[in-house]
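Accompanying notes for the structure given below.
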Amino acid sequence: MKKRITTLVLLLALTMVIASGCSGTPEASEQTVWRFGHEETVGAIQDIYAHEFKRLVEERTDGDITVEIYRTGEIGGVMDYLEFQQGGLLDFSIVNPGTSSTTVPENNVFYNHFLLPEEDEQIQELLRTSKGVEMLNEINEENELKVLDWFYEGWNAWTADKPIRSPEDFEGVSIRTMASPLIVSSYQAYNANPTPMPYMEVYTGLQLKQIDAQVNPVFAIQEMGFYEVQDYLINARQDGFVAALVTQPDFYDQLDPEMQKMVDEIAYELNDFIIEEQAELNEKRLEMIKESSDIEIIELTPEERDVFREASGPAREVYRNSVGDKGKEILEIIREDSARISEEGNK
Ligand code: 6CS
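Here the sequence shown is numbered in our numbering, starting from 5 and rising by one per residue.
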């Protein structure tokens with residue numbers, strides 16, 4: 005109840021922001037404000053992305069449009085932001101499937117383990133070209149989320165208070181995950197005890213030993229300080245963190261064709277920009293972790309990864325059972341495209 009009231013107050017505050025100086029249809033003569041929400045903190049990949057989006061929009065409209073960025077926690081939690089986006093209170097947002105799958109379970113397809121190709125450019129190619137992604141976007145649009153682009157933020161790494169090299173090592177380990185049922189079942193398949201909790205509570209949860217482990221890309225492990233309260237960082241490259249730039253279908257439809265073209269082009273260019281940024285940032289942050297802690301870094305061998313690959317099978321069934329025929333087809337197409345892209349890369 006308290007959360008509901010807080011959300012309503014935030015909605016009201018945001019509506020007042022809207023009323024105080026913006027409209028959904030950008031006319032060159034009037035000042036328009038586009039509201040942009042994302043799920044991360046200062047300096048994170050989504051924040052870098054949002055600021056580059058802002059820079060490009062403001063530059064290409066000669067300042068007729070300004071972009072206001074709302075980071076996670078500034079006007080609500082990630083679930084509030086999703087609601088704001090679907091309701092048109094935010095004009096653009098970055099949403100990852102761990103959040104949006106509460107509305108569109110098919111988005112969980114990206115959290116199927118051992119699905120993505122191995123190289124960054126191959127992941128980019130998959131996200132840009134797969135018919136499965138196009139079908140996924142149609143389902144999102146039916147749910148008030150017009151996907152302008154899917155982009156990649158880096159591999160999800162595990163941190164834990166013990167070394168993890170096999171599903172047996174996960175036995176009894178409380179690992180914090182996002183709330184998506186598929187993510188939860190992925191770690192149940194490894195014998196772990198997945199424990200969903202909000203992103204902002206993970207550090208304290210680890211510190212107080214309410215949880216033993218968590219999963220996130222390296223840049224997030226550094227900036228959220230998780231490495232300070234964990235002994236091991238394990239790279240299994242089981243899944244990657246992908247996120248979507250979304251807008252509201254009605255908002256997009258009422259933009260004039262030139263403006264739509266500008267937004268589409270910016271989304272495309274940003275994908276090239278962010279794939280480089282995430283690689284650099286993840287690498288840089290790994291070095292920072294190594295310099296400022298004695299956390300042990302474990303790279304799983306191909307054989308160790310194969311054991312996890314094998315163990316991940318039941319979670320894939322959970323995905324299939326949680327979606328309809330189209331969702332199952334999306335998984336199949338993405339799986340085939342991923343295998344083909346990987347194979348072409350190995351030639
Ligand atoms: O683990 C999470 O909940 C969050 N992790 C990242 C890297 N971005 C947003 C998400 O909410």
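For each residue, glycine too, the CB sits at the ideal point set by N, CA and C.
beta-carbon residue i near ligand 1 non-hydrogen atom, thresh 6 Å
i, result
"ALA224", "yes"
"GLU295", "no"
"ASN220", "yes"
"VAL353", "Outside the displayed range of the chain (5 to 351) lies residue 353, so it cannot be described from this structure."
"VAL82", "yes"
"GLU43", "yes"
"TYR203", "yes"
"MET182", "yes"
Beta-carbon contacts of residue i that lie in its chain and below 6 Å, excluding the five residues immediately before and after
i, result
"PHE88", "LEU94"
"LEU212", "none"
"GLU129", "ILE345"
"THR103", "VAL82, LEU86"
"ASN275", "ASP153, PHE155"
Those residues which DSSP pairs with residue i across a bridge
i, result
"PHE155", "ALA247"
"ALA196", "Answer is none; ALA196 lacks a bridge partner."
"TYR236", "ALA164, GLU300"
"GLU262", "None, per the DSSP bridge assignment."
"GLU72", "ARG39"
"THR106", "Answer by DSSP bridge pairing: none, since THR106 is not bridged."
"THR305", "Per DSSP, none; premise fails for THR305."
"ASN220", "ALA161"
"VAL99", "ALA248"
"LYS150", "THR251"
"ARG180", "THR199, GLN218"
Residue environment, residue i, which counts as buried when at least 16 other CB atoms sit within 10 Å
i, result
"GLU110", "buried"
"SER342", "buried"
"ASN204", "For the sequence presented, residue 204 should be read as Met rather than Asn. With fewer than 16 other Cβ atoms within 10 Å, it is exposed."
"ARG289", "buried"
"ALA32", "Unreliable placement is indicated for ALA32, whose pLDDT of 44 sits below 50; the coordinate value is still reported in the next sentence. Label assigned to ALA32: exposed."
"SER134", "buried"
"THR36", "buried"
"PRO200", "exposed"
"THR251", "buried"
"SER178", "buried"
"LYS351", "exposed"
"VAL151", "buried"
"GLY80", "buried"
"ASP257", "exposed"
"SER105", "buried"
"PRO167", "exposed"
Own chain, CB closer than 7 Å to residue i, minus 5 neighbours either side, in chain order
i, result
"GLU340", "none"
"ALA327", "What sits at residue 327 in the sequence shown is Val, not Ala. If we look at VAL327 and ignore the five residues flanking it on each side, its Cβ neighbours are PRO109, GLU110."
"VAL234", "The identity of residue 234 in the sequence shown is Gln, whereas the question assumes Val. Closer than 7 Å at Cβ, skipping near neighbours: THR163, ALA164, ASP165, LEU210, ILE299."
"VAL71", "TRP38, PHE40, PHE57, LYS58, VAL61, GLU62"
"TYR231", "THR163, ILE225, LEU237, ILE293, SER297, ILE299"
"SER170", "GLU308, VAL311"
Same chain, Cβ closer than 8 Å to residue i, five either side skipped, listed in chain order
i, result
"GLU273", "LEU60"
Problem - Touch test, the stretch 71 to 83 against the stretch 44 to 61, Cβ-Cβ under 8 Å, three pairs minimum - result: yes
Problem - the stretch 302 to 321 in contact with the stretch 232 to 251 per 3-pair CB rule at 8 Å - result: yes
Exercise for the section: Decide yes or no for the touch test of the stretch 312 to 326 against the stretch 193 to 211: beta carbon pairs closer than 8 Å, at least 3 of them. Expected result: The stretch 312 to 326 is in contact with the stretch 193 to 211.
Practice task
Please determine if the stretch 253 to 265 and the stretch 330 to 339 are in contact, where contact requires at least 3 C-beta pairs separated by less than 8 Å.
Solution key: no
Problem - Any 3 or more C-beta pairs closer than 8 Å across the stretch 274 to 294 and the stretch 151 to 170 - result: yes
Exercise for the section: Would you be able to state if there are at least three C-beta pairs under 8 Å between the stretch 181 to 190 and the stretch 63 to 70? Expected result: no
Exercise for the section: Decide if the stretch 141 to 153 is in contact with the stretch 215 to 225; the criterion is three or more beta carbon pairs, one per stretch, under 8 Å apart. Expected result: Note that the stretch 141 to 153 does not touch the stretch 215 to 225; fewer than 3 beta-carbon pairs, one per stretch, sit closer than 8 Å.
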